[in-house]
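>
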Ligand code: NAI
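Numbering (our numbering), first residue to last: 973 to 1236.
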């Protein structure tokens, strides 16, 4: 089977876990050399992502990165280019959750979720775009937004605010750079069974799953396939697209389905 990303150089932030790990593996399966970027404290898990790729015959390496720090993100892009000669694909995916009533969220938690989910994505885009311009051969960015980037949700207001902001960054930058051969899009996953979600209580998990017509969590792999498509030339007309992968959660405001009620 033809690999859609044969010979491309990709970086994925938050690739030690969940959606980022699944994307790293999928991009590698499609033929890209993948830089696994994640925090230093996630080095062991990042190493497992690299090992899974190399054991499957792919090429990968880990570069410790904190997406909230400009120098760290610039170094990530520079180190990727030093190692592989160029950068073609970036998946700005690292993100953290927040849970609680708006008035109860601490300033520290608010600043942290904004730093990782919003500033982190913007810093990634900034240094990736500058590198694409230096290469003069274009490139592709896929950001990870969320169902929370499309709709509001109670108990996650700061998180939802950052994901709406990622949607805004994606659409605006997509328009700015499309004519330079730089395609920028985002995925907007619904509730995905990743470590981020597994740490939640049963009540929090069912609150998250409630709007999904499929009545199940998605898998990181179901998101990764969409990222790989957006990153490929097959998505050549996708510019500023926010691709929802949410089991029907944004299809209708009515999550109640009579067919799932056996008494009807
Ligand atoms: P996860 O917790 O499994 O993975 C997140 C990764 O990001 C971790 O490896 C973590 O070490 C890394 N990370 C955190 N802060 C970082 C920083 N400052 N610098 C570099 N790396 C950092 O989470 P998951 O679920 O895979 O989430 C990935 C993305 O998908 C996030 O942006 C999240 O908001 C988004 N998302 C997740 C959904 C879900 O239901 N799991 C739904 C919609 C969006």
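C-beta atoms are modelled at their ideal positions from N, C-alpha and C, and glycine is treated no differently.
Going by the beta-carbon positions, is the gap between residue 1095 and residue 1052 smaller than 7 Å?
no
> On the three-pair Cβ rule with 8 Å, is the stretch 1071-1080 touching the stretch 987-1005?
With a cut-off of 8 Å, the stretch 987-1005 and the stretch 1071-1080 do not count as touching, because too few Cβ pairs lie within range.
> Using CA coordinates, which residue listed in 1219, 1004, 1112, 1048 is at the minimum distance from residue 1158?
Among 1219, 1004, 1112, 1048, the Cα nearest to that of residue 1158 belongs to 1112.
> Just the Cα atoms here: how many angstroms apart are residue 1213 and residue 1115?
10 Å
> Per the DSSP calculation, residue 1145 is bridged to which residue(s)?
In DSSP, residue 1145 forms no bridge with anything.
> From residue 1065 to residue 1002, what distance separates their C-alpha atoms?
19 Å
> Which complete alpha helix (DSSP H) runs does the stretch 1011-1095 hold, if anything under 4 residues is left out?
1015-1027, 1042-1056, 1079-1086
> At a cut-off of 6 Å, is residue 1040 close to ligand 1 when judged by its beta-carbon and the heavy atoms of the ligand?
yes
> In terms of residues, what are the limits of the beta strand (DSSP E) holding residue 1216?
1214-1217
> My output table needs one value for residue 1003: the three-state DSSP class, helix, strand or coil.
Under the three-state reduction of DSSP, residue 1003 is assigned to coil, being neither helix nor strand.
> Ligand 1 and residue 1048: does the residue's C-beta get closer than 6 Å to at least one heavy atom of that ligand?
Remark: the C-beta of residue 1048 is outside contact range of ligand 1, defined as less than 6 Å to any heavy atom.
> Which same chain residues, not among the five before or five after residue 1030, have their C-beta less than 6 Å away from its C-beta?
1000
> Indicate whether residue 985 and residue 1039 have their beta-carbon atoms separated by less than 7 Å.
yes
> Give every residue of the same chain whose Cβ lies closer than 7 Å to the Cβ of residue 1186, excluding the five residues on either side of it in the sequence, and list them in chain order.
1219, 1220
> Identify every residue that forms a DSSP beta bridge with residue 985.
Residue pairing for residue 985: DSSP places it in a beta bridge opposite 1009.
> Please list the terminal residues of the continuous beta strand (DSSP E) segment that includes residue 1111.
1111-1116
> Put residue 1121 into one of helix, strand or coil per three-state DSSP.
helix
> Can you give me the C-alpha to C-alpha distance between residue 1154 and residue 1007, rounded to a whole angstrom?
Cα-Cα distance, rounded: 19 Å.
> At 4 residues or longer, and completely inside the stretch 1134-1195: list those alpha helix (DSSP H) runs for me, N to C.
1167-1170, 1174-1181
> Could you round the C-beta distance between residue 1156 and residue 1142 to whole angstroms and report it? I think they count as a contact, below 8 Å.
6 Å
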